[in-house]
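The structure appears right after this line, and notes come after that.
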């Protein structure tokens, strides 16, 4: 039994809406349709200012192309199912959550603090337990990067509880 | 003769030599580290180039490009993991040969063939870029539109992965370029009332997100992977017997790589695979391929480094990137106020030939670094991911923020990181997104200007011979995967 047949057999037991091919195609088409609807809200330019085509025409054409091609890949996936991907491990979700945490901390508290928090969380959950290395990557390294960007590139980081102390 | 002296100018500039030295060193480190590479590295270093003059900035980026492409071979041979996607074919024979206790010989061949391929491609660049630029003088808006369409369809035909998925990714990239104020009418598109989006989405947040952040997420799924490193005593120059066996392969792959590089697609990755399969096809001992064939290493490595110079041809002559890394270099040119295209050849020859000369020197420098320092560079792979990636995250965040000092850019970077991860997981290459993003404005702008010239008559495109040629080539490029599928694939 070749791999394609094996894959087909494995996928047969699942209803179509649980299959990855369907989920991916559905998400692409769903998002594209929402964006397509958005293009109808774009302002229409009077003919005298119009440069060739309306500003909405080009994105509309692209979205129709994306939807059409996605339908084709879904149709092809029925004949030849995609390779089944391994389940995502805990560390992936932790890394993803740390991104959300980074956004929240950088918005509410401090940019530098957000980098430090993400570094320590990611490093710890990826397996680093030694305090020295955790401090190295969460405090020492971001500090070097911060000072480097600040002094060499003359960059001013957004205000925050720690950054304000530095700038004051 | 005058051009030759312009090419040699970097040799007499201590500043440029220093930039080349660090660029090559940095490129090698990036190439050695799996998951990084010249594209991500170039995008990360781009903000730093703002402190340099335009020539030094582009020299730095091109040195990273050349050395990074070679650096991938070190990891491919020693730990069976390509440092860059372009070194994937090198693993096939490099690692088996290293396992036989000939890691030094494998690395020596990779170093020599990469250098020859790289130098060959610079010669191609020196001769063909000005010729293409001269031809581009004949191009008007319709021709540029047709050319950009050809570039995008090439992704489907020779890009890595599924042709339809590549086209979807390319269209997605162009769609991203439409976000913000329409550059012709100032009408807001997909801005949803967010002021920061009205200037559009920057190239750097998207590139860093799609390459560095998505790779960080990918690495989080591979933490249980154990790398087995083969011991390396020293890099050995190939023997006379090896040279006799491989010189034809090296030259053939150099030609293939340069040609593939010129085509707007995935540059080195595709070039190395074709270079490798051609080496196998022409070999007297094809049965040795996959078991440690020295010809296999030479074929793959000469081709991927030859693609570097090739990819610079359309980038400099037409402003159309030949690969993802040249898209970063193109962004570097634009940021520094240099507009690539035929006028650049006429107005700033010293700038262009300075780049050509620097690429030549970079190829020689990575030969020296690779030959004497491969053992040290190989040790870099020992830095554990749990330490390396949080550091890369810090640099990515600060680098992305620094270009326009906008926190929104950092969020966009993270957003595209997540998108990039899922794209790669489900077989969509992220490279077409980058090419689409950089070509988006050109495609739309030239289309609309052409329609103004043609007074809205689309059929007028067919009356322009050059544009028509590109359209025909685009159709062929789209149909090519169908023909390719029917052919018996050369198993590699």
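Residue numbers (our numbering), protein chains in the order written: chain C, 1 to 168; chain W, 169 to 660.
Backbone N, C-alpha and C define an ideal beta-carbon position, used for all residues, glycine too.
- At the C-beta level, residue 389 (chain W) and residue 18 (chain C) stay beyond 8 Å of one another.
- For residue 562 (chain W), the nearest beta carbon of chain C is closer than 8 Å to its own beta carbon.
- Within chain W, the residues 391 and 554 have their CB atoms less than 7 Å from the CB of residue 127 (chain C), given in chain order.
- Counting only the Cα atoms, residue 33 (chain C) lies some 48 Å from residue 517 (chain W).
- Listed along chain C, the residues sitting closer than 8 Å to residue 594 (chain W) by beta-carbon distance are 20, 24, 82 and 85.
- Excluding its 5 nearest sequence neighbours in each direction, residue 401 (chain W) has C-beta neighbours in its own chain below 7 Å: 272, listed in chain order.
- By the Cβ-count criterion, residue 410 (chain W) is buried, with 16 or more other Cβ atoms from all chains shown falling within 10 Å of its own Cβ.
- Counting C-beta pairs closer than 8 Å gives three or more between the region 471-488 of chain W and the region 233-245 of chain W, which meets the contact rule.
- Taking the C-beta atoms as reference points, residue 205 (chain W) is found no nearer than 8 Å to residue 194 (chain W).
- Exclusion of the five residues before and after residue 312 (chain W) leaves 614 as the residues of its chain whose Cβ lies within less than 6 Å of its Cβ.
- Apart from the 5 residues on each side of it in sequence, residue 55 (chain C) sits with its Cβ closer than 8 Å to the Cβ of 42, 43 and 45 in its chain, given in chain order.
- One alpha carbon belongs to residue 331 (chain W), the other to residue 323 (chain W), and they sit about 7 Å apart.
- At a cut-off of 8 Å between beta-carbon atoms, residue 612 (chain W) makes contact with chain C.
- The alpha-carbon of residue 223 (chain W) is positioned some 15 Å away from that of residue 494 (chain W).
- With a threshold of 8 Å between beta carbons, residue 353 (chain W) makes contact with chain C.
- The C-beta distance from residue 526 (chain W) to residue 477 (chain W) rounds to 12 Å, too long to fall under 8 Å, and the pair is not in contact.
- In the structure shown, the three-state DSSP call for residue 90 (chain C) is helix.
- Contact between the region 626-636 of chain W and the region 356-366 of chain W is absent: fewer than 3 CB-CB pairs across the two stretches fall below 8 Å.
- For the C-beta of residue 70 (chain C), the chain W residues within less than 9 Å are, from N- to C-terminus, 332 and 336.
- Sorting W:288, W:618 and W:338 by C-alpha distance to the C-alpha of residue 602 (chain W) places W:338 at the top.
- Interface flag for residue 38 (chain C) against chain W is set, since a Cβ pair is found closer than 8 Å.
- For residue 133 (chain C), the chain W residues whose C-beta falls within less than 7 Å of its own C-beta are 555, listed in chain order.
- Proximity of the region 139-155 of chain C to the region 487-505 of chain W falls short of the contact definition, fewer than three beta-carbon pairs being nearer than 8 Å.
- Within 10 angstroms of the beta-carbon of residue 227 (chain W) lie 16 or more other beta-carbons, which makes it buried.
- Interface flag for residue 278 (chain W) against chain C is unset, since no Cβ pair is found closer than 8 Å.
- Listed along chain W are 346, 612, 615 and 616, each with a C-beta nearer than 8 Å to that of residue 58 (chain C).
- A Cβ of chain C is located within less than 8 Å of the beta carbon of residue 558 (chain W).
- For residue 415 (chain W), the uninterrupted alpha helix (DSSP H) segment begins and ends at 408-430.
- Three or more beta-carbon pairs drawn from the region 108-115 of chain C and the region 151-167 of chain C are found closer than 8 Å, and the two stretches are therefore classed as touching.
- Ranking W:352, W:436 and W:290 by CA distance to the CA of residue 609 (chain W) puts W:352 first.
- Beta-bridge partners of residue 357 (chain W) (DSSP): W:348.
- Under the DSSP assignment, residue 124 (chain C) falls in the alpha helix (DSSP H) whose first and last residues are 111-125.
- Counting C-beta atoms within 10 angstroms of its own C-beta, residue 513 (chain W) has 16 or more neighbours from the protein chains shown and is therefore classed as buried.
- Taking 8 Å as the threshold, the shortest C-beta distance from residue 33 (chain C) to chain W does not fall below it.
- For residue 30 (chain C), there are no neighbours in chain W by C-beta distance under 8 Å, as the nearest C-beta there is about 14 Å away.
- The DSSP-derived three-state label of residue 518 (chain W) is helix.
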